[in-house]
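Residue numbers (the working numbering): 384 to 572.
Ideal Cβ placement from N, Cα and C applies to all residues, glycine included.
Accompanying notes for the structure given below.
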């Protein structure tokens, strides 16, 4: 499952963006961090003054980030993929860290339980809104090129399965009735 969450840009992240914009340098995010922060969930208000959580809450190590994709000129999305080879840990927080070690943006989320070697893959996307985000990050692929909506295809598959199931049940019912008729004619029923 893929979730897209809008991240809260931190005060330090905003300063970093402003410095990079003023010096005409790119905004560079190097990695994701995950944490299991006690007492928070997706309903906890974000605090722009927040920094990186205490080391004792961090889980999963530093996860390298791929190039962002743009939503529009003023928002980019960073994607996190936790494949089946990583785990075991729980997390309710994820954020992105810049090349200078600043927490750029983060989000509280429902508790996720990541388990290793059971085929579990977790995808998370963090939308980071700021002025001229597309230009400052160098994002050159649009959202539509990498986020797919399979809802119509899934509905068509479900409809096809239901129709095939109904046809199979109807055919089996007819076969049973024909078999019963034959047995009745032969006097065996």
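Span of the alpha helix (DSSP H), counted from its first residue to its last, around residue i
i, result
"residue 571", "Unbroken run through residue 571: none, as it is neither H nor E."
"residue 399", "394-405"
Three-state secondary structure (DSSP) of residue i
i, result
"residue 467", "coil"
"residue 496", "strand"
"residue 550", "helix"
"residue 431", "coil"
"residue 408", "coil"
"residue 426", "coil"
"residue 556", "helix"
For residue i, the residue or residues it bridges with in DSSP
i, result
"residue 391", "489"
"residue 472", "497"
"residue 512", "458"
"residue 539", "Residue 539 is not bridged to any residue."
"residue 452", "460"
"residue 622", "Since the displayed the chain opens at 384 and closes at 572, residue 622 lies outside it and no answer follows."
"residue 436", "Looking at the DSSP assignment, residue 436 forms no beta bridge with any residue, so it has no partner."
"residue 525", "453"
Where the beta strand (DSSP E) containing residue i begins and where it ends
i, result
"residue 444", "441-447"
"residue 416", "412-418"
Contact set for residue i: own chain, Cβ-Cβ below 6 Å, skip 5 residues either direction
i, result
"residue 443", "417 and 472"
"residue 466", "504"
"residue 389", "510"
"residue 427", "491"
"residue 522", "451, 452, 453 and 459"
"residue 476", "418, 420 and 491"
"residue 478", "416, 486 and 489"
7 Å CB neighbourhood of residue i in its chain, flanking five on each side removed
i, result
"residue 556", "none"
"residue 396", "485, 486, 487 and 488"
"residue 498", "470 and 471"
Same chain only: Cβ atoms within 8 Å of residue i, ignoring 5 sequence neighbours per side
i, result
"residue 431", "391, 392, 393, 394 and 397"
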